[in-house]
Amino acid sequence: MRVLLDSLLKINPKPLLFEPGEPKFWDDIHISKSMLEAHLDPNHDAASRKPDTIDKTVRHLFGSKILKPEMKVLDLGCGPGLYAERLCQAGASVVGLDISKRSIEYAEKRAAQTELVASYACCSPMQHGSKIEYHCMNFFDMDYNEEFDAVIQVYGEINVFSDEMRDRLLRLIHRALKKGGIFIFDVTTRSLRMKRGLKNGWYISEEGFWRPGNHLVLEQGFDYPEEDVWLDQYVVIDDQEAKVYRNWFHDYSFDSISSVLTAAGFKIKHVWDDLIGSSFTEGGDWIAICAEVQKDDNY
């Protein structure tokens, strides 16, 4: 008990900005199962948006001609393929990347069952009639060079990165896009975080998201207002150990995300309140953007 208490006292202070927590999250045997279940639950937006919202997003992007059936699309953080499958059904060829092996395996099975026929790393998405290609990998390891007409990254994934990692990712996306290619994504604003507030509580569970058996979860929230950054921290304690999981969120305003995109070699073409195409309003909870890659000697 003394060892456990000492461990808790060490992790109580406010963490340094973007200080990492437990590295094994997406591929933890139990947590990845819980995460997949959350992705597939149609009754909430905990991990993925509800099916109706995903449908509206794809209809908006194709209906507005931002995406076209002949395009080749890269879906970053594709999870179990909820967007990739619909993009493919709308006529695009899709490559999906995700770090979760469990989610990728589900996506591949779904593609086979729906006759979209997922291909593997050895195959091109255009081979054997295949229209979806899934890879289980960290998208920071991707090495595409002007292969895609569009890159899509949804549900605020960019928010989770430090400035350094975000800029690194944008360079990889810039390189992956063809001349005139587009990057479609959304980010949260500080307005949303202020509404949600800081986590501060605890609970005991016999079985839950974090562990299959008895465990205690301490929830803590930290605000870094000078950086527009928030941290949701979870200390999970079972009968063997205590582990710290950290979810970082860097929020943006339209001005700040515009500056980031310009510096990375993108030009904003469209901005909305959300990816279903709602008109943009200042002070909203989300900002959705379609940005065109600029290719010249500077990038």
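Positions in the sequence shown are counted from 1; adding 3 to them yields the numbering used here. C-beta: ideal position from N, C-alpha, C; glycine also.
Counting the other CB atoms within 10 Å of its CB gives T191 a total of 16 or more, which places it among the buried residues.
Taking 4 residues as the minimum length, the alpha helix (DSSP H) runs contained wholly in the stretch 72-117 are 85-92 and 104-116, in order along the chain.
Here the alpha carbon of L64 sits roughly 9 Å from the alpha carbon of I187. Annotation: the continuous beta strand (DSSP E) that includes T191 extends over L180 to T191. Here N162 carries a helix assignment [DSSP, helix/strand/coil]. In this model, C139 and K104 are separated by some 6 Å (Cα to Cα). Annotation for K246: the continuous beta strand (DSSP E) segment containing it runs A245 to H253. Spanning the alpha carbons of N203 and I34 requires a straight line of approximately 21 Å. H218 carries a strand assignment under DSSP once its states are collapsed to helix, strand and coil.
Residue pairing by DSSP places Y237 opposite E222 and Y248 in a beta bridge.
Looking at the DSSP output, G204 bridges to E222. Counting along the chain, K270 sits inside the beta strand (DSSP E) bounded by residues F269 to W275. Contact annotation: K134 and S96 have beta-carbon atoms nearer than 8 Å. Around the beta-carbon of R249, 16 or more other beta-carbon atoms lie within 10 Å, marking it buried. Contact check for A153 against L221 fails: the beta carbons are separated by 8 Å or more. W205 places its beta carbon 8 Å or farther from that of V239. With respect to V61, F151 sits apart: the two C-beta atoms are not nearer than 8 Å.
Residue environment: I107 is assigned as buried (16 or more neighbouring CB atoms within 10 Å of its CB, all protein chains considered). About 14 Å separates the beta carbon of R52 from that of E88, a gap too long to meet the 8 Å contact definition. With a contact defined as Cβ atoms closer than 8 Å, N217 and R178 miss out at about 48 Å. In the three-state reduction of the DSSP assignment, E295 falls in the strand class.
Residue environment: F143 is assigned as exposed (fewer than 16 neighbouring CB atoms within 10 Å of its CB, all protein chains considered). Check the Cα spacing between D170 and each of P54, T265, D276 and D288: the tightest is with T265.
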